[in-house]
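In the working numbering, the protein residues as written are 103 to 761.
Virtual Cβ for every residue (Gly too), placed ideally from N, Cα, C.
As the structure is a prediction and not an experimental result, all values here were calculated from the model.
These notes concern the structure reproduced below.
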């Protein structure tokens, strides 16, 4: 598809012939016929083209991966004719080994990273412990409402399939019309001395919080000058999103930062020349495409791009701390149909980052579009497909009768009759001459009988390369008559260590940055109080702080103001550790007095319970234990005497305590 940058001379005449009245933000004139509007569109589209020229080189490889994941190969004319005669006969397929490998990787990632709470926080100082817990519960509630886990699953899948996945954290609010009851006393009610009520409708805020929007790699537009995991260092990052005209009109009505949407109604097609929605390999089997023009709906492609700009050079106003516009600021620009600016505003987020996060598990640390794990084994996948399909083709040919016939000796119509128990008549001239030279079966050798064994070797290569070995997928190849538990555990541990590495990279690249942005946007943009459940590891601290044991805690925006760190997950899954070893070691730890003084046995027990798969260990604790003070510590008598002499220990009566 040829790419032509839109310039001022080639703009649609329709935008010049019509004018709508808009009150643009901050008094900026962004009318489509104005010079400022044209300058912004040119600057944005130049960056789109620069990124597209680099990223589009990867599209053919991604399309090949998409086609492999469909387990479907387009049939040629011979196979189509074969299926038309008998639809039961097999034709060429993709052996779904790459799909199986992807499922194994994703299954581990979901277990290791998407268990609730997805994001964990801890405060920098002692005074921030409870606030960090409340922040964690608020973020968890937002993730549950917005189904963030599903979006993160898509990001992880894109990372393994294409080499990169991307998403954008977005703060949004949902309103709904609610019916309420209020007192209303009519004249009759006053005479009878009774109270009256009436129903009324009011618009209420149902939810405010973060959601995570996936970014299609085919539509992703990063700065090609930086590595994929360092997009914050790039000058810009953007993507193309498919929307529709009526949806954008609705957003314009409710969002004062949007404008110029009505101009789109005057354009014929609003599809971007850079859109790849219908050029991927995802629709190989179904053939379903998105409409570019329709009499029912009007699709619109919108380019969203965060750009570091010097406002003065773009003829835009600077922020309060940069009134002259001489220093860089991050702005968000939205350009619809490649030629209409529908939003332009400074970002003004406290975290100071472009709200886009990427995941590239196989990044080399330098490139913007690294090779994916599925691409690494794609050549082996093609060999596997050829081995299997060539064998099927040969078998299909071999099971048919391949006969050498002398048509002068037999009736050919009788020979072609497919029914069993057929009667084949000799021609009159051949009567009494015998049947030896009339029909002969042609000998066929199966030269592909070894392909199945070769395919097994290729499958093993794919598994060993990807790390999705049998022990991880739930199967174990039999190596001897009796397989010991040590062998099974050793295989599983070796396989898990490779997947733990991938999960740790995902936690560092994706979850740490995303968790930081979600928390910062919540601190900055949360406007109303909410309630969170009091459960899990923090229940005792909340009980001490708020005087309650179970239930819900009221959280105001001010309760979340503190400095926090995002806890990076170690990449393990429940059951990934040697739980049996811990269980066997526990009696030894509990039976030795010196070990009990050195190690915290209850914490060890809780660790074993979590490793075995328990999600909420504190639900098994005695209620009085969850609200009492610090546990007593047992130390030798000699050490007690030394501590008393040094003044570090005093009797409980002297300290104001009671026995």
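**Asked** According to DSSP, what are the bridge partners of residue 369?
**Response** For the purposes of this step, residue 369 is taken as residue 267 along the chain shown, with counting starting at 1. Answer by DSSP bridge pairing: none, since residue 369 is not bridged.
**Chain-order list of residues whose beta-carbon lies under 7 Å from that of residue 299 (same chain, five-residue window excluded)** = On the chain shown, position 197 is the one that residue 299 refers to. Cβ within range, chain order: 283, 284, 285, 286.
**Request:** Report all residues from its chain with a CB closer than 8 Å to the CB of residue 627; omit the five preceding and five following residues, and keep chain order.
**Result:** Here residue 627 is taken as the residue at index 525 of the chain shown, counted from 1. Result list for residue 627: 273, 310, in chain order.
**Request:** Give me whichever residues DSSP pairs with residue 432 in a beta bridge.
**Result:** As a first step, residue 432 is located in the chain shown; it is residue number 330 there, counting from the start. Note: residue 432 sits in a beta bridge opposite 410.
**Asked** Can the beta-carbon of residue 666 be found less than 8 Å from the beta-carbon of residue 223?
**Response** Position 564 of the chain shown, counted from the first residue, corresponds to residue 666. Position 121 of the chain shown, counted from the first residue, corresponds to residue 223. Yes, they are a contact pair.
**Item:** Contact belief for residue 308 with residue 149 at Cβ below 8 Å, rounded distance in angstroms
**Value:** Your numbering for residue 308 matches position 206 in the chain shown. Your numbering for residue 149 matches position 47 in the chain shown. With 8 Å as the limit, residue 308 and residue 149 do not qualify as a contact, their Cβ atoms being about 37 Å apart.
**Item:** Status (buried if at least 16 other CB within 10 Å, exposed otherwise) for residue 415
**Value:** Translated into positions along the chain shown, residue 415 becomes position 313. Classification for residue 415: exposed.
**Prompt:** How is the alpha helix (DSSP H) around residue 356 delimited, first residue to last?
**Reply:** One-based indexing of the chain shown puts residue 356 at position 254. Segment 347-356, the alpha helix (DSSP H) holding residue 356.
**Prompt:** Just to confirm, are residue 203 and residue 258 a CB contact at a threshold of 8 Å?
**Reply:** Within the chain shown, the letter at position 101 stands for residue 203. Within the chain shown, the letter at position 156 stands for residue 258. No, Cβ-Cβ distance for residue 203 and residue 258 is not below 8 Å.
**Asked** First and last residue of the alpha helix (DSSP H) that includes residue 143?
**Response** Reading the chain shown from its first residue, position 41 is the one you call residue 143. Residues 137-157.
**Message:** Buried or exposed, going by whether 16 or more other CB atoms sit within 10 Å of the CB of residue 57?
**Reply:** The structure shown does not extend to residue 57, since the chain is modelled only from 103 to 761, so the question has no answer here.
**Message:** With distance defined between alpha-carbon atoms, name the residue in 238, 209, 244 nearest to residue 262.
**Reply:** The sequence position of residue 262 within the chain shown is 160, counting from 1. Comparing Cα positions, the closest option is 209.
**Prompt:** Taking the continuous beta strand (DSSP E) assigned at residue 312, which residues delimit it?
**Reply:** As a first step, residue 312 must be located in the chain shown, where it is residue number 210. Here the beta strand (DSSP E) through residue 312 covers 299-317.
**Prompt:** On the three-state DSSP scale, how would you describe residue 118?
**Reply:** Working through the chain shown from its first residue, we reach residue 118 at position 16. Residue 118: coil per DSSP, three-state reduction.
**Prompt:** Helix, strand or coil: which one does DSSP assign to residue 221?
**Reply:** Residue mapping note: residue 221 aligns to position 119 of the chain shown, counting from 1. Coil.
**Length of the line joining the Cα atoms of residue 448 and residue 127** = For this step, residue 448 is matched to residue 346 along the chain shown. For this step, residue 127 is matched to residue 25 along the chain shown. The alpha-carbon atoms of residue 448 and residue 127 are separated by roughly 11 Å.
**residue 729 - DSSP class collapsed to helix/strand/coil** = The residue you call residue 729 lines up with position 627 of the chain shown. Model confidence at residue 729 stands at a pLDDT of 46, short of 50, so the residue's coordinates are unreliable; what they give is reported in the following sentence. Coil at residue 729, not helix or strand.
**Request:** Under the assumption that residue 695 contacts residue 483 (Cβ atoms under 8 Å), give the Cβ distance between them as a whole number of angstroms.
**Result:** Within the chain shown, residue 695 is the residue found at index 593, counting from 1. Within the chain shown, residue 483 is the residue found at index 381, counting from 1. About 60 Å separates the two Cβ atoms, so there is no contact after all.
**Request:** Would you give the residue range spanned by the alpha helix (DSSP H) that residue 627 belongs to?
**Result:** As a position in the chain shown, residue 627 is number 525, starting the count at 1. 614-627 is the extent of the alpha helix (DSSP H) around residue 627.
**Message:** With H, G and I counted as helix, E and B as strand and the rest as coil, what does DSSP make of residue 631?
**Reply:** As a first step, residue 631 must be located in the chain shown, where it is residue number 529. It is coil, neither helix nor strand.
**Message:** I want to know whether the segment 609-623 touches the segment 216-230 - three or more CB-CB distances under 8 Å.
**Reply:** yes
**Request:** Look at the alpha carbon of residue 207 and the alpha carbon of residue 412, and state the distance between them as a whole number of angstroms.
**Result:** Your numbering for residue 207 matches position 105 in the chain shown. Your numbering for residue 412 matches position 310 in the chain shown. Distance between the alpha carbons of residue 207 and residue 412 is about 43 Å.
**Item:** residue 711 versus residue 674 - alpha carbon distance
**Value:** In the chain shown, residue 711 corresponds to position 609, counting from 1. In the chain shown, residue 674 corresponds to position 572, counting from 1. The alpha-carbon atoms of residue 711 and residue 674 are separated by roughly 14 Å.
**Request:** Report the rounded CA-to-CA distance for residue 216 versus residue 260, giving the unit in angstroms.
**Result:** Along the chain shown, read from residue 1 onward, the residue named residue 216 stands at position 114. Along the chain shown, read from residue 1 onward, the residue named residue 260 stands at position 158. Looking at the two C-alpha atoms, the distance is approximately 16 Å.
**Prompt:** Is it right to say residue 699 is buried, meaning 16 or more other beta carbons lie within 10 angstroms of its own, or is it exposed?
**Reply:** In the chain shown, counting from the first residue as 1, residue 699 sits at position 597. Residue 699 should be labelled exposed.
**Request:** Decide if residue 350 is buried, meaning its Cβ has at least 16 other Cβ atoms within 10 Å, or exposed.
**Result:** Position 248 of the chain shown, counted from the first residue, corresponds to residue 350. Burial call: buried.
**Request:** Please confirm whether residue 436 and residue 132 have their CB atoms less than 8 Å apart.
**Result:** Position 334 of the chain shown, counted from the start, is the residue given in the question as residue 436. Position 30 of the chain shown, counted from the start, is the residue given in the question as residue 132. For residue 436 and residue 132, no; Cβs fall outside 8 Å.
**Message:** residue 145 and residue 417 - do their beta-carbons sit closer together than 8 Å?
**Reply:** For the purposes of this step, residue 417 is taken as the residue at position 315 of the chain shown. For the purposes of this step, residue 145 is taken as the residue at position 43 of the chain shown. Their beta carbons are not under 8 Å apart, which means residue 417 does not touch residue 145 by this criterion.
**Request:** Could you check what DSSP says for residue 375 in three-state terms: helix, strand or coil?
**Result:** Position 273 of the chain shown holds residue 375. Residue 375 falls in the coil class under three-state DSSP.
**Prompt:** Should residue 363 go down as buried or exposed, given a rule of 16 or more other Cβ atoms within 10 Å for buried?
**Reply:** For the purposes of this step, residue 363 is taken as the residue at position 261 of the chain shown. Buried, because 16 or more other Cβ atoms sit within 10 Å of the Cβ of residue 363.
**Asked** Does DSSP classify residue 210 as helix, strand or coil?
**Response** To locate residue 210, count along the chain shown from 1; it is residue 108. Correct three-state label for residue 210: helix.
**Item:** alpha helix (DSSP H) segment containing residue 132, residue limits
**Value:** Numbered from 1 along the chain shown, position 30 holds the residue referred to as residue 132. Premise fails: residue 132 is in no alpha helix (DSSP H) and is neither H nor E.
**Request:** Report yes or no: do the segment 341-349 and the segment 472-479 share at least 3 C-beta pairs separated by less than 8 Å?
**Result:** no
**Prompt:** Where does residue 670 land, buried or exposed, given buried means 16+ other C-beta within 10 angstroms?
**Reply:** Counting from 1 along the chain shown, the entry for residue 670 is found at position 568. Flag for residue 670 reads exposed.
**Message:** In the DSSP output, which residue or residues are listed as bridge partners for residue 666?
**Reply:** Within the chain shown, residue 666 is the residue found at index 564, counting from 1. Bridge partners of residue 666: 225.
**Message:** Can you list, in chain order, the residues of its chain with a C-beta nearer than 7 Å to that of residue 708? Leave out the 5 residues immediately preceding and following it.
**Reply:** One-based indexing of the chain shown puts residue 708 at position 606. Within the same chain, residue 708 has close Cβ partners 719.
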